[in-house]
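Before any comments, here is the structure.
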Amino acid sequence: MNTKLSVLTGAVAATLALGMANPAAASVYGRSYLDIDSLEIHISDDGGITPDTGGTVDNFNFALTNTVNLNGAAAISIGGCSGTPGAPGVTNNCSAVAPRANAAVLNLGDAAATRAENTFDFKGPGLNEYANSDSVIFASQLTGDVGGSNTEQIAESELQTGVSAGSSAEIISTTGFTFQFTVDGANTLTIDFDAMLDILARIDDPTAAAASAQSNVRVSFRLENDDTGDSVTWNPNGDTATGCTVGGLLLSCLEVTDGFDLNSDAGTTTDGTSVGRSGSGSFSAVISGLFNGNWTLTLDGLTSTALSRTPAVPEPASLALLGIGLAGLAGARRRRKA
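In terms of this note's numbering, the sequence shown has 265 at position 265, counting the first letter as 1, and numbering is strictly consecutive.
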């Protein structure tokens, strides 16, 4: 090979590398974390006078799902248990030792950001590219745990040079009841729990042409009569006047405490910005007007993140250098032929 041609070829390669290698530190980041603790459900007969009477739990099912995706790769894990209330491993197939139900932690990307099983620390924002998620039911009122139910879940993802990432963790509880009250139509179901929440969406990426970061959390309770369709849905939103939706003439819902918004989104598309929500507090709602029959109570807790990033095109100066290099290469080829 002609020596000059070799030098020019090397110069073109170096020009390409100059525009692509060693980009400035950049981060597109999202996280969503939720902890529900001391969750208890109580049914009262005799117009709410006699606690924990009038209702029988027929069956329950816990379902946990974790997902992650990173630059085209994806993974999913599931877990759960079901049965009737009582001792784990006896009346149901929940674990006899804590945690009662678990979906395996998922990790994609840089090893430095690997999340350990049922460990809910925050890995970013930082210098890594990854997606992770995890969810667990540590304790449950239905398996006889003192202090009620405790669930924890997280979804977290971050981009440095990639184009897409996301994660989710979801816990669903479905419980079937049979209500047989002494005083039909004047009875209550009370939901009490504590919660902690942290969601964040952040972009610090001057090297990207465009980017978006979003984090979401959802918490919803729904009690519905299996025969009539009468229902109450409670979406805790920080406002005791607006969290309940009632479908049915006999039913009512009173929010006693609603510590903060458990149905929230955080998102940004602007470099150098960060949007977040966090809080902790107590929650309580009383559903009244219950009547005899078969009912189903569902709980859905969801945490999720979604990120996108469009790499910037080369700078004009880099394109000019590349053009000079290519022109020189073409000239060298012509001289070689001559």
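Every residue, glycine too, gets a C-beta built ideally from N, C-alpha and C.
Just mark residue i as buried or exposed, buried being the case when its beta carbon has 16 or more other beta carbons within 10 Å.
i    : result
I78  : exposed
E109 : Checking the sequence, you will find Gly at residue 109 rather than Glu. Buried, because 16 or more other Cβ atoms sit within 10 Å of the Cβ of G109.
V146 : exposed
D52  : exposed
D121 : exposed
P206 : exposed
V28  : buried
L127 : exposed
D226 : exposed
S304 : buried
S135 : buried
G30  : buried
A96  : exposed
A111 : exposed
Whole angstroms is fine: what's the gap from residue i's alpha carbon to residue j's?
i    : j    : result
K123 : T161 : 17 angstroms
T119 : D300 : 21 angstroms
R100 : C94  : 5 angstroms
G54  : N292 : 9 angstroms
A24  : G243 : Low confidence applies to A24: its pLDDT is 46, below 50, so where it sits in the model is not reliable, and the reading given next is rough at best. Cα-Cα distance, rounded: 45 angstroms.
I154 : V183 : 43 angstroms
S32  : P125 : 13 angstroms
A21  : P314 : In this predicted model, A21 has a pLDDT of only 36, less than 50, meaning its place in the structure is not dependable enough to derive any value.
F221 : S231 : 10 angstroms
W234 : V68  : 28 angstroms
G248 : G267 : 36 angstroms
S282 : F193 : 6 angstroms
H42  : G229 : 21 angstroms
A98  : N150 : 11 angstroms
F60  : A104 : 21 angstroms
Less than 8 angstroms between the CB atoms is what I'm expecting for residue i and residue j, so what's the real figure, rounded?
i    : j    : result
S44  : T188 : 5 angstroms
G259 : G279 : 7 angstroms
R309 : L159 : 5 angstroms
L262 : P236 : 4 angstroms
L339 : L307 : In this structure the chain extends from 1 to 338, so residue 339 is not present and cannot be described.
L34  : V217 : 6 angstroms
F179 : L290 : 6 angstroms
E255 : T240 : 4 angstroms
Just to confirm, are residue i and residue j a CB contact at a threshold of 9 angstroms?
i    : j    : result
D46  : F181 : yes
E208 : D271 : The displayed chain sequence assigns Ala, not Glu, to residue 208. Yes, the pair counts as a contact, with Cβ atoms nearer than the cut-off.
N132 : E156 : yes
I137 : E40  : no
V340 : A195 : The requested residue 340 does not occur in the structure, where the chain is confined to residues 1 to 338.
L142 : N92  : yes
G185 : W295 : no
Y130 : A75  : no
N71  : L106 : no
S38  : G144 : no
G89  : F62  : no
S274 : R202 : yes
A73  : D204 : no
_Taking contact to mean 3 or more Cβ pairs, one atom from each stretch, closer than 8 angstroms, check whether the stretch 160-172 and the stretch 84-95 are in contact._
Segments in contact, no.
*Between the stretch 208-216 and the stretch 285-294, do three or more beta carbon pairs fall short of 8 angstroms?*
no
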